[in-house]
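Undergrad:
In mature numbering (1 follows the signal peptide of the UniProt record, and there is no 0), the protein residues as written are -18 to -1, 1 to 100.
1. Note down, in chain order, each residue of its chain lying with its Cβ closer than 8 Å to the Cβ of residue 94, except the 5 sequence neighbours on either side.
2. Mind checking whether residue 102 and residue 42 have CB atoms under 9 Å apart?
3. Reducing DSSP to helix, strand and coil, say where residue 15 ends up.
4. Does residue -10 come out as helix, strand or coil in the three-state DSSP assignment?
5. Does DSSP classify residue 25 as helix, strand or coil?
6. Between residue 65 and residue 11, what straight-line distance do the alpha-carbon atoms span, to the nearest angstrom?
7. For the beta strand (DSSP E) that contains residue 67, what are its first and last residues?
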């Protein structure tokens, strides 16, 4: 029988299972885990989100989650301390008026909000 310390050492050395990624591609655009369209905001500069308060209520930030992030994804820490997912350095959001997966009602709003496609 293996010793408890040996078993613990093996478990601690094993890589952790990665959580599901917070976004994925669908129909040529990024969507969150619920299939909702993901957007960027032109006012965000230098890897920092400028969408706070009422803006963040209308455009909820995409949470970075616990997944291991690989380029082109990373995360930033928002003013409230939460982690927000970024794509190529741009913070990501969903739009409160999108009600069903595939909705893109936020695309080109005020010519500052854009669907993330690649």
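Even for Gly, the Cβ is constructed at its ideal location relative to N, Cα and C.
TA: The answer reads as follows:
1. What you label residue 94 is simply residue 112 of the chain shown in a count that begins at 1. Cβ neighbours of residue 94 beyond the five flanking positions: 23, 24, 25.
2. In the structure as shown, the chain begins at -18 and stops at 100. Residue 102 is therefore absent and cannot be evaluated.
3. The residue labelled residue 15 in the question sits at position 33 within the chain shown. The answer is coil: DSSP assigns residue 15 none of H, G, I, E or B.
4. As a working mapping, residue -10 is identified with position 9 in the chain shown. With a pLDDT of only 44 at residue -10, under 50, the local geometry of the prediction cannot be trusted, and no value is derived from it.
5. As a first step, residue 25 is located in the chain shown; it is residue number 43 there, counting from the start. Residue 25 carries a coil assignment under DSSP once its states are collapsed to helix, strand and coil.
6. Your numbering for residue 65 matches position 83 in the chain shown. Your numbering for residue 11 matches position 29 in the chain shown. Residue 65 and residue 11: Cα-Cα distance of roughly 22 Å.
7. Looking up residue 67 in the chain shown gives position 85. Where residue 67 is concerned, the enclosing beta strand (DSSP E) stretches over 65 to 69.
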